[in-house]
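Undergrad:
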Amino acid sequence: MLKRIRESKAAQGTLLALPTTFWLFFLLIIPLFLTLVISFGKRSPDGDVIYGFSLDNYTRLFGYSTDCPDGQASCFNPLYVQILWRSLTLAFNTTALVIGMAYPLAYFIARAHPKKRNLFLFLVLIPLWTNFVIRVYAWMMLLRKEGAINIIIGALANMLHIPFTPFEMLYTPGAVLVGMVYEFLPFMILPIYTSLEKIDISLYEAAADLGANAVKTFLRVTLPLSMPGVVAGTILVFIPVMGTFIVSDILGGRQVILVGNLIQRQFLDARDPTFGSAASLILMIMTLVVTYFYTRKFGFGEEIVPA
Amino acid sequence: MNPFRRSPFVIVAAVLVYFFLYAPIVGLVLYSFNASRANVTFEGFIPAFSDRVVMDGSLVKSSPCGPFHWYCDLAKNGDVAEAAGNTLTIAFTATIIATVIGTMSAIALQRYDFKIKPFSQLSLYIPIVIPEIVMGIGVLTLFSQLFGWVNEVFNLSGDARLSLGMATVTVSHIAFMVPFVTLVVQARLQGFDKSYEEAAMDLGANEWTTFRRVTFPMILPGVMSGALLAFTLSLDDFVITFFTNGPGSTTLPIYVYGLLRRIITPQVNALSTVWILVVFTAVLALQIIQNRESKQHS
Numbered sequence: 011m012l013k014r015i016r017e018s019k020a021a022q023g024t025l026l027a028l029p030t031t032f033w034l035f036f037l038l039i040i041p042l043f044l045t046l047v048i049s050f051g052k053r054s055p056d057g058d059v060i061y062g063f064s065l066d067n068y069t070r071l072f073g074y075s076t077d078c079p080d081g082q083a084s085c086f087n088p089l090y091v092q093i094l095w096r097s098l099t100l101a102f103n104t105t106a107l108v109i110g111m112a113y114p115l116a117y118f119i120a121r122a123h124p125k126k127r128n129l130f131l132f133l134v135l136i137p138l139w140t141n142f143v144i145r146v147y148a149w150m151m152l153l154r155k156e157g158a159i160n161i162i163i164g165a166l167a168n169m170l171h172i173p174f175t176p177f178e179m180l181y182t183p184g185a186v187l188v189g190m191v192y193e194f195l196p197f198m199i200l201p202i203y204t205s206l207e208k209i210d211i212s213l214y215e216a217a218a219d220l221g222a223n224a225v226k227t228f229l230r231v232t233l234p235l236s237m238p239g240v241v242a243g244t245i246l247v248f249i250p251v252m253g254t255f256i257v258s259d260i261l262g263g264r265q266v267i268l269v270g271n272l273i274q275r276q277f278l279d280a281r282d283p284t285f286g287s288a289a290s291l292i293l294m295i296m297t298l299v300v301t302y303f304y305t306r307k308f309g310f311g312e313e314i315v316p317a
Numbered sequence: 018m019n020p021f022r023r024s025p026f027v028i029v030a031a032v033l034v035y036f037f038l039y040a041p042i043v044g045l046v047l048y049s050f051n052a053s054r055a056n057v058t059f060e061g062f063i064p065a066f067s068d069r070v071v072m073d074g075s076l077v078k079s080s081p082c083g084p085f086h087w088y089c090d091l092a093k094n095g096d097v098a099e100a101a102g103n104t105l106t107i108a109f110t111a112t113i114i115a116t117v118i119g120t121m122s123a124i125a126l127q128r129y130d131f132k133i134k135p136f137s138q139l140s141l142y143i144p145i146v147i148p149e150i151v152m153g154i155g156v157l158t159l160f161s162q163l164f165g166w167v168n169e170v171f172n173l174s175g176d177a178r179l180s181l182g183m184a185t186v187t188v189s190h191i192a193f194m195v196p197f198v199t200l201v202v203q204a205r206l207q208g209f210d211k212s213y214e215e216a217a218m219d220l221g222a223n224e225w226t227t228f229r230r231v232t233f234p235m236i237l238p239g240v241m242s243g244a245l246l247a248f249t250l251s252l253d254d255f256v257i258t259f260f261t262n263g264p265g266s267t268t269l270p271i272y273v274y275g276l277l278r279r280i281i282t283p284q285v286n287a288l289s290t291v292w293i294l295v296v297f298t299a300v301l302a303l304q305i306i307q308n309r310e311s312k313q314h315s
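Chains as they are written, first to last, in this note's numbering: chain D, 11 to 317; chain Y, 18 to 315.
(1) Taking contact to mean at least 3 C-beta pairs separated by less than 8 Å, is the region 132-142 of chain D in contact with the region 280-298 of chain Y?
(2) Just to confirm, is the Cβ distance from Y:Gly119 to Y:Val198 under 8 Å?
(3) Alpha carbon to alpha carbon, what distance is there between Y:Val29 and D:Phe63?
(4) Between which residues of its own chain and Y:Val195 is the CB-CB distance below 7 Å, once the five residues before and five after are set aside?
(5) Does DSSP put Y:Asn103 in a helix, in a strand, or in coil?
(6) Examine chain Y for any beta-carbon lying closer than 8 Å to the beta-carbon of D:Met151, and answer yes or no.
(7) Tell me, please, whether the CB atom of Y:Ala302 is closer than 8 Å to any CB atom in chain D?
(8) Inspect the CB distances between the region 137-148 of chain Y and the region 245-263 of chain D and report whether three or more fall short of 8 Å.
(9) Run down chain D in chain order and give the residues with a C-beta less than 7 Å from the C-beta of Y:Gln284.
(10) Do Y:Thr261 and Y:Val186 count as a contact pair if the criterion is CB distance below 8 Å?
(11) Just to confirm the assignment, what range does the beta strand (DSSP E) spanning Y:Ser79 have?
(12) Applying the criterion that 16 or more other CB atoms from any shown protein chain within 10 Å of the CB defines a buried residue, is D:Tyr214 buried or exposed?
(13) Taking the continuous beta strand (DSSP E) assigned at Y:Asp73, which residues delimit it?
(14) When burial is assigned at 16 or more other CB atoms within 10 Å of the CB, is D:Phe130 buried or exposed?
(15) Which value, in whole angstroms, describes the spacing of the CA atoms of D:Gly262 and D:Tyr68?
(16) Given a limit of 7 Å on CB to CB distance, which residues of the region 12-29 of chain D reach chain Y?
(17) In the structure shown, what three-state DSSP assignment does D:Ala78 receive?
(18) For the region 227-243 of chain Y and the region 150-168 of chain Y, state whether three or more C-beta atom pairs, one from each stretch, are separated by less than 8 Å.
(19) Within the continuous alpha helix (DSSP H) that includes Y:Phe209, where are the two ends?
(20) Could you spell out where the alpha helix (DSSP H) holding D:Arg237 opens and where it closes?
(21) Residues of the region 196-211 of chain D in Cβ contact with chain Y at a cutoff of 9 Å, in chain order, please.
(22) Runs of 4 residues minimum, wholly inside the region 219-251 of chain Y: which ones carry the alpha helix (DSSP H) assignment?
(23) If we count Cβ pairs, one from each stretch, closer than 8 Å, do we get three or more for the region 114-126 of chain D versus the region 194-210 of chain D?
(24) What's the C-alpha gap between D:Gly286 and D:His123?
(25) Just verifying my parser: in three-state terms, what is the DSSP assignment at Y:Phe197?
(26) For the putative contact between Y:Thr106 and Y:Met218, defined by C-beta atoms under 8 Å, what is the C-beta separation to the nearest angstrom?
(27) Any chance the region 273-293 of chain Y sits against the region 42-49 of chain Y, with 3 or more Cβ pairs inside 8 Å?
(28) Are the C-beta of D:Ser2 and some C-beta of chain Y separated by less than 8 Å?
(29) Is the beta carbon of Y:Val273 sitting closer than 8 Å to the one on Y:Val285?
(30) Between Y:Leu277, Y:Ala192, Y:Lys211 and Y:Ser311, which has its C-alpha nearest Y:Gly153's C-alpha?
(31) Measure the C-alpha to C-alpha separation of D:Arg275 and Y:Val188 and round it to an integer number of angstroms.
(32) With 8 Å set as the bound, which would you pick, yes or no: does the beta-carbon of D:Pro41 sit closer than that to a beta-carbon of chain Y?
(33) Got a sec: which bits of the region 146-166 of chain Y sit with their beta carbon under 7 Å from any beta carbon on chain D, in order along the chain?
(34) Taking only three categories from DSSP, how would you classify D:Lys208?
(35) Give the interface partners of Y:Lys134 over in chain A, defined as CB-CB distance under 8 Å, in chain order.
(36) Could you give the distance in angstroms between the alpha-carbon of D:Val300 and the alpha-carbon of D:Phe102?
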């Protein structure tokens with residue numbers, strides 16, 4: 011046995027990769043499979059799972075309801091479809107805003123003097139590695155009625171003698187959007203920077219020699235060459251935004267319920283893991299479909315591995 | 018054309034984005050010195066006049082720690098100490114295991130051909146393309162079904178019953194950390210000049226000696242940055258921990274989340290500030306290692 015391992019390269023490779031592969035199989039693939047199995051099951055009155063094959067959880071998710079107001083046997087309940095749609099549009103809006111904010115900054119860092127680049131990058135890494143929960147909390151403090159934003163605007167209004175009533179910003183869809191943008195902005199800056207930094211400077215010289223102005227150089231040289239970074243950043247932003255529940259929990263209160271909140275509540279409060287499993291599979295399929303079409307159009311960004 | 022030339026638009030936009038990134042953090046730190054207990058408005062700094070803490074309504078009039086009142090308060094908080102201990106225990110254990118097995122699989126994937134290689138390589142991308150919550154509830158389901166079954170079959174009762182705790186959190190953390198370690202070390206191995214190893218072999222070193230004396234020292238910076246990345250991922254994790262922790266395994270992010278849903282005092286800000294300082298140090302260390310590595314490269 012030992013001799014065979016010593017002689018066979020394939021056996022050595024398998025042995026080296028085995029712990030990781032086993033670990034990922036046991037803790038990623040089996041759980042996904044279990045989620046699939048359970049999503050077809052039913053909930054027992056005390057919250058346990060009754061295995062079986064029923065599509066009830068999925069039909070319920072897409073609006074089929076037997077709990078109708080006017081005594082009908084079945085009707086359409088848009089609640090869960092609305093939640094899915096809200097999550098999807100929020101993820102698109104967040105990604106678009108994040109690209110808009112991250113691109114200029116990444117460009118700024120990539121064009122900075124090489125000696126200063128590390129400092130500018132370091133300034134992006136600090137918020138990135140500040141805990142996720144702490145970052146939501148920071149916005150909670152800024153946005154609330156007595157928070158810093160209202161205090162500053164109030165002081166300005168006072169100086170200009172304008173009557174001011176504090177804005178109600180916390181627990182609104184806008185608050186959730188701002189929180190999401192803040193949470194995921196660094197994940198877009200880093201990959202865009204990586205692909206911008208790789209661009210050969212002589213390409214700019216060539217563009218200038220050929221008579222292209224700054225705008226044309228940007229549109230025809232810089233932007234196309236930085237697309238791998240934008241794609242990688244989009245994957246790193248869009249997918250987690252779809253599934254995050256803390257931001258909407260803390261900044262959206264009961265007003266903004268996303269699919270993440272729906273799933274979390276099924277597992278902890280409502281105690282219906284079968285419905286929660288169906289919802290999380292739909293979430294997974296939605297993110298995979300969007301990612302698939304997006305990467306098929308723009309290619310899979312190789313900048314995906316973080317710094 | 019000067020490659021370092023930037024238009025004013027880019028500079029203004031960059032300054033605004035930096036402001037957006039840092040304003041919340043500055044606010045957070047500032048409020049950790051707040052005299053107001055309720056932490057609703059900023060009521061000024063806490064003076065240090067007497068050795069007795071005086072709370073006047075919702076205001077802390079004076080404290081032996083002065084402006085650092087909430088930090089002293091934090092130091093006395095046993096729950097925070099326990100959560101910090103749990104967080105570090107989990108992060109250290111998970112990092113060691115993830116780094117060892119992640120490096121092993123990076124070497125396997127980069128240097129060997131074997132049957133399950135495509136599967137091993139592909140499984141590394143799962144945590145990147147699947148929302149964390151899906152992984153979280155999946156692992157929770159696995160543990161609850163498995164533990165329920167084991168407890169029933171072996172008729173376990175009381176303390177012997179398997180339940181969620183430190184072990185489940187650590188094991189789950191390893192699962193999402195390993196891919197990052199493997200991918201980072203793999204990248205390092207890709208830019209590796211094989212002639213050094215061949216030279217060692219020519220000089221009579223066997224495979225193990227070559228690995229120990231040549232290969233490992235050369236990939237060590239990659240292994241170190243992989244390990245540091247894994248460590249920070251573990252410290253930072255909320256979602257996976259949220260679904261896999263049980264009584265006695267509360268980590269700091271879970272603890273802070275719990276506080277946010279109840280009463281908030283400037284103690285949370287003090288905790289956040291300390292946390293940011295720790296992160297600052299860790300990121301600085303990571304940068305220094307990577308800088309040294311890139312200097313060696315060039």
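All residues carry an ideal CB built from backbone N, CA and C; glycine is no exception. Note that the structure is a prediction, hence the values are computed from the model and not measured.
TA: So, from the data block:
(1) yes
(2) As a first step, residue 119 of chain Y is located in the second sequence; it is residue number 102 there, counting from the start. As a first step, residue 198 of chain Y is located in the second sequence; it is residue number 181 there, counting from the start. In this structure, Y:Val198 lies closer than 8 Å to Y:Gly119 by Cβ.
(3) As a first step, residue 63 of chain D is located in the first sequence; it is residue number 53 there, counting from the start. As a first step, residue 29 of chain Y is located in the second sequence; it is residue number 12 there, counting from the start. In a straight line, the C-alpha of D:Phe63 is about 58 Å away from that of Y:Val29.
(4) One-based indexing of the second sequence puts residue 195 of chain Y at position 178. Ala115, Ile118 and Gly119, listed in sequence order.
(5) Stepping through the second sequence from its first residue, residue 103 of chain Y is reached at position 86. If DSSP states are grouped into helix, strand and coil, Y:Asn103 belongs with the helices.
(6) Position 141 of the first sequence, counted from the start, is the residue given in the question as residue 151 of chain D. Yes, D:Met151 lies at the interface with chain Y (some Cβ there is under 8 Å from its Cβ).
(7) Residue mapping note: residue 302 of chain Y aligns to position 285 of the second sequence, counting from 1. Cβ-Cβ to chain D under 8 Å: no for Y:Ala302.
(8) yes
(9) Looking up residue 284 of chain Y in the second sequence gives position 267. Under the 7 Å cutoff, chain D gives no residues; its nearest Cβ is about 12 Å from Y:Gln284.
(10) Translated into positions along the second sequence, residue 186 of chain Y becomes position 169. Translated into positions along the second sequence, residue 261 of chain Y becomes position 244. Contact flag set, yes.
(11) As a working mapping, residue 79 of chain Y is identified with position 62 in the second sequence. Looking at the DSSP string, the run of the beta strand (DSSP E) that includes Y:Ser79 is Leu76 to Ser79.
(12) The residue you call residue 214 of chain D lines up with position 204 of the first sequence. Buried.
(13) Here residue 73 of chain Y corresponds to residue number 56 of the second sequence, with the count starting at 1. Taken as a continuous stretch (DSSP letters only), the beta strand (DSSP E) holding Y:Asp73 covers Val71 to Asp73.
(14) As a first step, residue 130 of chain D must be located in the first sequence, where it is residue number 120. Buried, by the Cβ-count rule.
(15) For the purposes of this step, residue 262 of chain D is taken as residue 252 along the first sequence, with counting starting at 1. For the purposes of this step, residue 68 of chain D is taken as residue 58 along the first sequence, with counting starting at 1. Spanning the two alpha carbons is a distance of roughly 26 Å.
(16) Lys19, Ala20, Gln22, Gly23, Thr24, Leu26, Ala27 and Pro29
(17) Numbered from its first residue, the first sequence carries residue 78 of chain D at position 68. Here residue 78 of chain D is Cys; the residue named in the question, Ala, does not match the sequence. Coil.
(18) no
(19) The residue you call residue 209 of chain Y lines up with position 192 of the second sequence. Unbroken run through Y:Phe209: none, as it is neither H nor E.
(20) One-based indexing of the first sequence puts residue 237 of chain D at position 227. It is worth fixing the name first, because residue 237 of chain D is Met in this sequence and not Arg. Where D:Met237 is concerned, the enclosing alpha helix (DSSP H) stretches over Leu233 to Gly253.
(21) Pro196, Ile199 and Ile211
(22) 224-227
(23) yes
(24) Here residue 286 of chain D is taken as the residue at index 276 of the first sequence, counted from 1. Here residue 123 of chain D is taken as the residue at index 113 of the first sequence, counted from 1. Their backbone Cα atoms lie some 50 Å apart in a straight line.
(25) Residue numbering aside, residue 197 of chain Y sits at position 180 when the second sequence is read from its first letter. Helix.
(26) By one-based count along the second sequence, residue 106 of chain Y stands at place 89. By one-based count along the second sequence, residue 218 of chain Y stands at place 201. Wrong, their Cβ atoms sit about 42 Å apart, outside the cutoff.
(27) yes
(28) Beyond the ends of chain D as shown, which are 11 and 317, falls residue 2 of chain D; an answer cannot be given.
(29) For this step, residue 273 of chain Y is matched to residue 256 along the second sequence. For this step, residue 285 of chain Y is matched to residue 268 along the second sequence. With contacts defined by Cβ atoms closer than 8 Å, Y:Val273 and Y:Val285 form a contacting pair.
(30) Position 136 of the second sequence, counting from 1, holds the residue named residue 153 of chain Y. For the residues Y:Leu277, Y:Ala192, Y:Lys211 and Y:Ser311, the minimum Cα distance to Y:Gly153 belongs to Y:Ala192.
(31) Within the first sequence, residue 275 of chain D is the residue found at index 265, counting from 1. Within the second sequence, residue 188 of chain Y is the residue found at index 171, counting from 1. Going from the Cα of D:Arg275 to the Cα of Y:Val188 covers about 24 Å.
(32) Counting from 1 along the first sequence, the entry for residue 41 of chain D is found at position 31. So, interface residue.
(33) Val146, Ile147, Pro148, Glu149, Ile150, Val151, Met152, Ile154, Gly155, Val156, Leu157, Thr158, Leu159 and Gln162
(34) Counting from 1 along the first sequence, the entry for residue 208 of chain D is found at position 198. D:Lys208: helix per DSSP, three-state reduction.
(35) This model lacks chain A altogether, as its protein chains are D and Y.
(36) By one-based count along the first sequence, residue 300 of chain D stands at place 290. By one-based count along the first sequence, residue 102 of chain D stands at place 92. When rounded, the distance between both Cα atoms is 10 Å.
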